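For what it's worth, our numbering labels the leading residue of the sequence shown as 56, then goes sequentially. Cβ coordinates follow ideal geometry from the N, Cα and C atoms, glycine included. Since we're looking at a predicted model, the values are computed, not measured. Take a look at the structure below.
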Amino acid sequence: MKMPRITNIWSRVRENGAGKLSSQVIIESTGRFTTVVREECGKIVLEGSGVGANMPVGAVEVYDGLVANIFLSQVADDKIKILIDNEHPAEVKYEITGELPVRFIVSLERDSIRSLFKDKKIVIDPGHGGADTGACGPVNLLEKNVVLPIARDLQELFKQAGAQVFLTRQEDRMVTQRERWEVARRCEADLFLSIHTHADEDSKVGGVAVNYAGESPISAALALLVKEELVRKLKLADRGGKIIKTYNAMKTVPLVEIEVVTITNWVEEGLLRSPTVHRKAAEGIFNGVKNFLAEQIPQ
Numbered sequence: 056m057k058m059p060r061i062t063n064i065w066s067r068v069r070e071n072g073a074g075k076l077s078s079q080v081i082i083e084s085t086g087r088f089t090t091v092v093r094e095e096c097g098k099i100v101l102e103g104s105g106v107g108a109n110m111p112v113g114a115v116e117v118y119d120g121l122v123a124n125i126f127l128s129q130v131a132d133d134k135i136k137i138l139i140d141n142e143h144p145a146e147v148k149y150e151i152t153g154e155l156p157v158r159f160i161v162s163l164e165r166d167s168i169r170s171l172f173k174d175k176k177i178v179i180d181p182g183h184g185g186a187d188t189g190a191c192g193p194v195n196l197l198e199k200n201v202v203l204p205i206a207r208d209l210q211e212l213f214k215q216a217g218a219q220v221f222l223t224r225q226e227d228r229m230v231t232q233r234e235r236w237e238v239a240r241r242c243e244a245d246l247f248l249s250i251h252t253h254a255d256e257d258s259k260v261g262g263v264a265v266n267y268a269g270e271s272p273i274s275a276a277l278a279l280l281v282k283e284e285l286v287r288k289l290k291l292a293d294r295g296g297k298i299i300k301t302y303n304a305m306k307t308v309p310l311v312e313i314e315v316v317t318i319t320n321w322v323e324e325g326l327l328r329s330p331t332v333h334r335k336a337a338e339g340i341f342n343g344v345k346n347f348l349a350e351q352i353p354q
């Protein structure tokens, strides 16, 4: 009888019938094998015996807000080790399903993330709109048309995490800057996230930047964390960030202006045409905000 082989490892965020979310790590194999699951320094470790790896060993990137990476190693000819690098504590459940492939499913409850976003009021501001088209890419993709789907994806992620979310526009219409800030004032926002793209006369310039309100050190901290996660998700260059001026009433609200890509770059304009990239950009922003909220908790 042939020894079972690990053929694939992947992940997803899944909602159960009670409306709770979990991060699931799915380990696929050609047959069942003996497993021992334990915690090691707060991380989840799965040790398998009587099994080999029929896929590259090393890291599988996830970055879904709870699970950062999954590491597969072949520790002997018939032994494997899988480490799930969870960024926050989580209740863990396991199940085995199927025959070919056999799926060993590790479910990590996302309650710790919901606790970070509970009662938070977040304003998402899709830049431009209506006659204000924003920047234009080399193949005529308009900034106003790509920031809105990113904002909607981000809205969904925040709502799933338990936050109250407000968009400054839901459609292609003109909104003044003062009207955008007024949305934040009325809802007593905890965060203001303005979604944009960058434009440059040099079409070779590309990358991610996150600008911030100069009056607020906390905005600078938020910008740094969002930028780090966007760069990680999109695999684009880090263009840094700059100070921007804001309406006086907004000086007490952490505010960032997120340039998710450079739309005048031929390659990055092409990326912006993909809904998958819209989702990845939203996930990067979500992860950065999540890290920011986690840092605000007194140690």
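Option in the options with minimal Cα separation from residue i
i           : options            : result
residue 266 : 327, 259, 281, 63  : 281
residue 313 : 186, 284, 245      : 284
residue 194 : 269, 104, 243, 258 : 258
residue 316 : 250, 224, 125, 107 : 250
residue 219 : 119, 114, 245      : 245
residue 74  : 215, 155, 116      : 215
residue 156 : 262, 61, 345       : 61
residue 373 : 148, 326, 76, 253  : Outside the shown range of the chain, which is 56 to 354, sits residue 373, and nothing can be said about it.
residue 200 : 217, 114, 318, 129 : 318
residue 187 : 229, 175, 174      : 229
residue 300 : 221, 321, 346, 233 : 233
residue 256 : 321, 231, 225      : 321
residue 185 : 231, 112, 345, 116 : 231
residue 174 : 221, 241, 254, 217 : 217
Inter-residue Cα distance where the pair is residue i and residue j
i           : j           : result
residue 159 : residue 89  : 11 Å
residue 341 : residue 56  : 47 Å
residue 59  : residue 243 : 56 Å
residue 166 : residue 145 : 7 Å
residue 198 : residue 191 : 6 Å
residue 272 : residue 70  : 36 Å
residue 91  : residue 168 : 27 Å
residue 358 : residue 213 : Because the chain is modelled from 56 through 354, residue 358 falls outside the range shown and cannot be assessed.
residue 323 : residue 264 : 13 Å
residue 269 : residue 277 : 12 Å
residue 107 : residue 96  : 25 Å
residue 182 : residue 338 : 18 Å
residue 351 : residue 124 : 24 Å
residue 329 : residue 227 : 19 Å
residue 196 : residue 104 : 53 Å
residue 100 : residue 298 : 43 Å
residue 126 : residue 132 : 17 Å
residue 180 : residue 223 : 5 Å
residue 260 : residue 291 : 11 Å
residue 93  : residue 110 : 23 Å
residue 128 : residue 114 : 9 Å
residue 176 : residue 130 : 47 Å
residue 331 : residue 147 : 28 Å
residue 254 : residue 189 : 9 Å
residue 252 : residue 241 : 27 Å
residue 325 : residue 134 : 43 Å
residue 202 : residue 154 : 43 Å
residue 98  : residue 72  : 27 Å
residue 327 : residue 225 : 19 Å
Cut-off 6 Å between Cβ atoms - residues of its own chain near residue i, not counting five sequence neighbours on either side
i           : result
residue 247 : 178, 239, 308, 310
residue 343 : 280, 281, 284
residue 333 : 204, 205, 208
residue 102 : 91, 136
residue 346 : 280
Those residues which DSSP pairs with residue i across a bridge
i           : result
residue 288 : In the DSSP output, where bridge partners are listed per residue, residue 288 has none listed.
residue 132 : Paired residues: none, contrary to the question.
residue 140 : 124
residue 181 : 250
residue 219 : 176
residue 264 : 314
residue 191 : 197
residue 80  : 66, 161
residue 116 : 124
residue 273 : Its beta-bridge partners do not exist; DSSP assigns none.
residue 104 : 89, 134
7 Å Cβ shell around residue i - same chain, five flanking residues per side excluded
i           : result
residue 335 : 288, 289
residue 295 : 264
residue 274 : 267, 268, 309, 310, 311
residue 78  : 66, 68, 119, 121, 122, 163, 165
residue 150 : 160
residue 293 : 262, 263, 282, 286
residue 112 : 127, 128, 129
residue 117 : 66, 123, 124, 125
Neighbourhood of residue i by C-beta distance below 8 Å, restricted to the same chain and skipping five residues each side
i           : result
residue 152 : 158, 160
residue 143 : 121, 167, 168, 349
residue 87  : 59, 151, 157
Contact with chain B by residue i, beta-carbon distance below 8 Å
i           : result
residue 178 : In the structure shown, chain B cannot be found, because there is only a single protein chain.
The region 204 to 211 in contact with the region 128 to 148 per 3-pair CB rule at 8 Å: no
Cβ pair count under 8 Å reaching 3, the region 64 to 72 against the region 81 to 97: yes
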